[in-house]
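Input: a single structure, listed below in structure tokens.
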Amino acid sequence: MDLPNIPPKYKHLIMIAASAAVGCHLCTETFIKLAHRAGVTKEEIAETIPATRFAIASTAFATAIEGMECLVEKTRT
Numbered sequence: 001m002d003l004p005n006i007p008p009k010y011k012h013l014i015m016i017a018a019s020a021a022v023g024c025h026l027c028t029e030t031f032i033k034l035a036h037r038a039g040v041t042k043e044e045i046a047e048t049i050p051a052t053r054f055a056i057a058s059t060a061f062a063t064a065i066e067g068m069e070c071l072v073e074k075t076r077t
């Protein structure tokens, strides 16, 4: 992957977040191991998981709100 403007540490953290977000356990474990071997700290890796969870929750909430709006509209009519 040739992305010269993104520091290697960030690339590793992005890969961890993306694999965790899509629910791939093997991918997440693999990317965590690769990141740690490349010098990403345990603390940096650990902070990636709640950040990913927040992003997923925000997306799920935003998507659900759209669906819930139709229920509110039906009760008004």
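Following this note's numbering, the residues of the sequence shown are numbered contiguously, the last one being 77. In this text, a Cβ means the ideal position worked out from N, Cα and C, and glycines have one as well. None of these values were measured; they are calculated from a predicted model.
In or out: residue i buried (at least 16 other Cβ within 10 Å) or exposed?
i, result
"V72", "exposed"
"F90", "Limits of the chain in this structure are 1 at one end and 77 at the other, which puts residue 90 out of reach."
"S19", "buried"
Starting from the Cα of residue i, find the closest Cα among the options and give me that residue.
i, options, result
"V40", "A20, P50, T28 and P8", "P8"
"H36", "M15, T59 and N5", "M15"
"Y10", "E29, C24, T30 and A38", "A38"
Tell me the DSSP secondary structure of residue i in three-state form.
i, result
"P4", "coil"
"V72", "helix"
"A64", "helix"
Can the beta-carbon of residue i be found less than 7 angstroms from the beta-carbon of residue j?
i, j, result
"T48", "L26", "no"
"I45", "I32", "yes"
For the putative contact between residue i and residue j, defined by C-beta atoms under 8 angstroms, what is the C-beta separation to the nearest angstrom?
i, j, result
"T63", "A21", "Actually they do not touch by this definition, with Cβ atoms about 14 angstroms apart."
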